[in-house]
Amino acid sequence: MTTPPFPTFAVAARSHHRMHGRLIHRATLRAAAAALLFGMALPLLAQHPAPAHTTDIHMNTQSALSARQQAILPIAAFTAAGDLHRLEPALRAALDAGLTINEIKEILGQLYAYAGFPRALNALGTFMTVVEDRKAQGVHDAQGKAPTALPAPDQMLAVGTANQTRLSGQPVAGPLFAFSPQIDRYLKEHLFGAIFARDNLDWGDRELATVAALSAMTGTESQVQAHMRISRNVALSEAQLEHVVAVLRDVVSAETADRADQARRHTLAN
1 MTTPPFPTFA VAARSHHRMH GRLIHRATLR AAAAALLFGM ALPLLAQHPA PAHTTDIHMN
61 TQSALSARQQ AILPIAAFTA AGDLHRLEPA LRAALDAGLT INEIKEILGQ LYAYAGFPRA
121 LNALGTFMTV VEDRKAQGVH DAQGKAPTAL PAPDQMLAVG TANQTRLSGQ PVAGPLFAFS
181 PQIDRYLKEH LFGAIFARDN LDWGDRELAT VAALSAMTGT ESQVQAHMRI SRNVALSEAQ
241 LEHVVAVLRD VVSAETADRA DQARRHTLAN
């Protein structure tokens, strides 16, 4: 029996009830969190220019994810887990929920930085088949926006450094980058300066994909914690992050949801 693509509205209602009154002010990312995020050389998040909705995270009091946002979670989780059998219907559900073809390609392409090229390529191949099949059936899915012009190659390092600094709240340095300066440049120039400079998918959507993908993997607990914190920094409310856990539990697996929930609770406690 196929698992329903999204949880019922009752999940969102339960999330709202549990989280009501718990939205609190958090001024900045802590220095310790920045050390965890970047000192371990983790691919995180950057965008150029910053979308308007990322300017003040405390304005977001939404208690639930939209159907479109919910649809991001299983496709990211199944891609990271290499579960193509479950990915295929999740991709169809994502298109039905309003994600465009280009947005889904952005999500799957981004995940190579977390799950590796083989699983990202396999997921993209599965998606290509889904799109072609739906077109043959007369389903007209929206192509969606292409990214605007990227910075010139000789500007990528500067753009990536600025994005990384804006996200962490301070310039990023540490012994790991002194030990391996090439990984520092890869992060700044390629990930922050090229991949996340693509502006046809916003920061919140990229973080939803990242949290789901990392939660579907083992041995990435500290990274899920880091991305839960970053998710708050890119305009996802605490109630929405609880809803992330509920969606993962209903649609992906209890183990994936437990890893996400442990990370969420850790960020609330610190």
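Residue numbers 1 to 270, in the numbering used here, belong to the letters of the sequence shown in order.
Virtual Cβ for every residue (Gly too), placed ideally from N, Cα, C.
In this text the structure is predicted, and so the values were computed from the model without any measurement.
Simplified DSSP assignment, three categories, for residue 89 = Within the sequence shown, the letter at position 89 stands for residue 89. Of the three classes helix, strand and coil, the one that applies to residue 89 here is helix, per DSSP.
Please report how far the alpha carbon of residue 204 lies from the alpha carbon of residue 234, in whole angstroms.
-> On the sequence shown, residue 204 is found 204 positions in, with the first residue counted as 1. On the sequence shown, residue 234 is found 234 positions in, with the first residue counted as 1. If you draw a straight line from the Cα of residue 204 to the Cα of residue 234, it comes to about 6 Å.
How about residue 126 and residue 84: do their beta carbons lie closer than 8 Å?
-> Position 126 of the sequence shown, counted from the first residue, corresponds to residue 126. Position 84 of the sequence shown, counted from the first residue, corresponds to residue 84. The answer is yes: Cβ separation under 8 Å.
Please report the Cβ distance between residue 77 and residue 226, rounded to the nearest whole angstrom; I am assuming they are in contact, meaning their Cβ atoms lie under 8 Å.
-> As a working mapping, residue 77 is identified with position 77 in the sequence shown. As a working mapping, residue 226 is identified with position 226 in the sequence shown. With a Cβ gap of about 18 Å, residue 77 and residue 226 do not count as contacting.
Reduced DSSP secondary structure (H/G/I, E/B, other) of residue 148 | Here residue 148 refers to the residue found at position 148 of the sequence shown. Note: residue 148 maps to coil in three-state DSSP.
Where do the ends of the alpha helix (DSSP H) carrying residue 176 lie?
-> The residue labelled residue 176 in the question sits at position 176 within the sequence shown. Looking at the DSSP string, the run of the alpha helix (DSSP H) that includes residue 176 is 175–179.
Would you mind working out which of 195, 160 and 101 sits nearest residue 142, comparing C-alpha positions?
-> Along the sequence shown, read from residue 1 onward, the residue named residue 142 stands at position 142. Distance from the Cα of residue 142 is smallest, within the candidate group 195, 160 and 101, for 101.
Residues near residue 53 by beta carbon distance below 6 Å, same chain, minus five either side = Here residue 53 is taken as the residue at index 53 of the sequence shown, counted from 1. Low per-residue confidence applies at residue 53: pLDDT is 36, beneath 50, and the placement is therefore not dependable enough to give any value.
Would you kindly check if the distance between the Cβ of residue 248 and the Cβ of residue 73 is under 8 Å?
-> Sequence index remark: in the sequence shown, residue 73 carries index 73 (1-based). Sequence index remark: in the sequence shown, residue 248 carries index 248 (1-based). The criterion of a C-beta distance shorter than 8 Å is satisfied by residue 73 and residue 248.
Rounded to a whole number of angstroms, what is the C-alpha to C-alpha distance between residue 186 and residue 192?
-> Here residue 186 refers to the residue found at position 186 when the sequence shown is read from its first residue. Here residue 192 refers to the residue found at position 192 when the sequence shown is read from its first residue. If I take the Cα positions, the gap works out to 9 Å.
Residue 215 lies in the alpha helix (DSSP H); which residues open and close that run?
-> Counting from 1 along the sequence shown, the entry for residue 215 is found at position 215. It spans 203–215 - the alpha helix (DSSP H) in which residue 215 sits, taken as one unbroken run.
Quick one: any contact between the segment 170–187 and the segment 128–140, if contact means 3 or more CB pairs under 8 Å?
-> no
Thinking C-beta only, is residue 267 closer than 8 Å to residue 228?
-> On the sequence shown, residue 228 is found 228 positions in, with the first residue counted as 1. On the sequence shown, residue 267 is found 267 positions in, with the first residue counted as 1. Yes, the pair counts as a contact, with Cβ atoms nearer than the cut-off.
Assign residue 121 to one of two classes, buried (16 or more other C-beta atoms within 10 Å of its C-beta) or exposed (fewer than that).
-> Indexing the sequence shown from 1 puts residue 121 at position 121. That one is exposed.
Pick from 220, 111 and 210: whose alpha carbon is nearest that of residue 230?
-> By one-based count along the sequence shown, residue 230 stands at place 230. Closest option to residue 230, Cα to Cα, is 210.
Secondary structure of residue 171, DSSP reduced to three states = Here residue 171 corresponds to residue number 171 of the sequence shown, with the count starting at 1. If DSSP states are grouped into helix, strand and coil, residue 171 belongs with coil.
Run through DSSP, which three-state label would residue 245 get?
-> Counted from its first residue, the sequence shown places residue 245 at position 245. In the structure shown, residue 245 sits in a helix (DSSP, three-state: H, G or I).
What is the DSSP secondary structure of residue 200, reduced to helix, strand or coil?
-> Start at 1 with the first residue of the sequence shown, and residue 200 comes out as number 200. Note: residue 200 maps to coil in three-state DSSP.
Closest by C-alpha distance to residue 188, when choosing among 111, 157, 166 and 198 = The residue labelled residue 188 in the question sits at position 188 within the sequence shown. It is 157 whose Cα lies nearest to the Cα of residue 188.
Roughly how many whole angstroms lie between the Cα atoms of residue 130 and residue 117?
-> Counting from 1 along the sequence shown, the entry for residue 130 is found at position 130. Counting from 1 along the sequence shown, the entry for residue 117 is found at position 117. Approximately 20 Å between the Cα atoms of the pair.
N-terminal and C-terminal residue of the alpha helix (DSSP H) that residue 153 is part of | As a first step, residue 153 must be located in the sequence shown, where it is residue number 153. Careful: residue 153 lies outside any alpha helix (DSSP H) and carries neither H nor E.
Burial state of residue 163 (16 or more Cβ within 10 Å) | One-based indexing of the sequence shown puts residue 163 at position 163. Under this definition residue 163 is a buried residue.
Where does the unbroken alpha helix (DSSP H) through residue 266 begin, and where does it stop?
-> The count along the sequence shown starts at 1 and reaches residue 266 at position 266. Residue 266 -> alpha helix (DSSP H) spans 254–269.
Helix, strand or coil: how does DSSP classify residue 66 here?
-> Counting from 1 along the sequence shown, the entry for residue 66 is found at position 66. Looking at residue 66 - three-state DSSP - the assignment turns out to be coil, as it is neither helix nor strand.
Note down the Cα distance separating residue 171 from residue 160, rounded to an integer number of angstroms.
-> To locate residue 171, count along the sequence shown from 1; it is residue 171. To locate residue 160, count along the sequence shown from 1; it is residue 160. For residue 171 and residue 160, the gap between their C-alpha atoms comes out near 12 Å.
Does the distance from the CB of residue 67 to the CB of residue 98 come in under 8 Å?
-> On the sequence shown, position 67 is the one that residue 67 refers to. On the sequence shown, position 98 is the one that residue 98 refers to. In this structure, residue 98 lies closer than 8 Å to residue 67 by Cβ.
Would you decide whether residue 80 is buried or exposed? Buried here means 16 or more other CB atoms lie within 10 Å of its CB.
-> Here residue 80 corresponds to residue number 80 of the sequence shown, with the count starting at 1. Of the other Cβ atoms in all chains shown, 16 or more fall within 10 Å of the Cβ of residue 80; this residue is therefore buried.
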